[in-house]
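The structure appears right after this line, and notes come after that.
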Amino acid sequence: MAGIFEIAMAGEKKYFFKLTASDGTVVAVSPLFNTIKGAAAGINAVRENAATGLVVDKSRGRSKSVPPQAATRGATTRIGAGMAAG
Numbered sequence: 018m019a020g021i022f023e024i025a026m027a028g029e030k031k032y033f034f035k036l037t038a039s040d041g042t043v044v045a046v047s048p049l050f051n052t053i054k055g056a057a058a059g060i061n062a063v064r065e066n067a068a069t070g071l072v073v074d075k076s077r078g079r080s081k082s083v084p085p086q087a088a089t090r091g092a093t094t095r096i097g098a099g100m101a102a103g
């Protein structure tokens with residue numbers, strides 16, 4: 018089963034989404050968006066870019082690119098840096 022994107026409210030006027038794996042593990046949490054449309058656009062951006070995204074390893078002062086297939090760890094990832102709040 019594929020992961021599930023879930024849009025939720027943060028406060029009265031902000032929205033965010035999270036991506037949950039089929040086993041219930043939260044894989045990613047978005048920044049806050051001003052509208053549901055903004056959150057949906059963020060989900061679409063993740064869908065379009067996740068499979069082709071370059072992984073950059075900045076741990077321990079390194080800045081070496083890592084092939085996507087080599088970067089399979091179970092850590093939660095903060096996504097959406099650079100996404101405009103909509």
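Using the working numbering, the first residue of the sequence shown is number 18, and each one after it goes up by one. Every residue, glycine too, gets a C-beta built ideally from N, C-alpha and C. As the structure is a computational prediction, the values presented were derived from the model and not from experiment.
Spatial neighbours of residue i within its chain, please: CB distance less than 8 Å, with the 5 preceding and 5 following residues excluded, ordered by chain position.
i	result
A8	The question about residue 8 has no answer, for the chain in this structure spans 18 to 103.
Tell me whether residue i is buried or exposed, calling it buried when 16 or more other Cβ atoms sit within 10 Å of its Cβ.
i	result
V43	exposed
G55	buried
V63	buried
G59	buried
S47	buried
G97	Residue placement at G97 is flagged as unreliable, the pLDDT there being 48, under the threshold of 50; the coordinate-derived value follows with that caveat. Its Cβ being crowded by 16 or more others within 10 Å, G97 is buried.
K30	exposed
Could you pull out every residue in the same chain whose Cβ sits closer than 6 Å to the Cβ of residue i, ignoring the five residues on either side in sequence?
i	result
A38	G20, V44
V28	It is Gly, not Val, that sits at residue 28 in the sequence shown. So the list is empty, once near-sequence residues are dropped.
Quick one: what's got a C-beta closer than 7 Å to residue i's C-beta in the same chain, skipping five residues either side?
i	result
E23	F34, K35, T37
To test your reading of the DSSP string, which unbroken alpha helix (DSSP H) runs of 4 or more residues are found completely within the segment 18-69? 53-66
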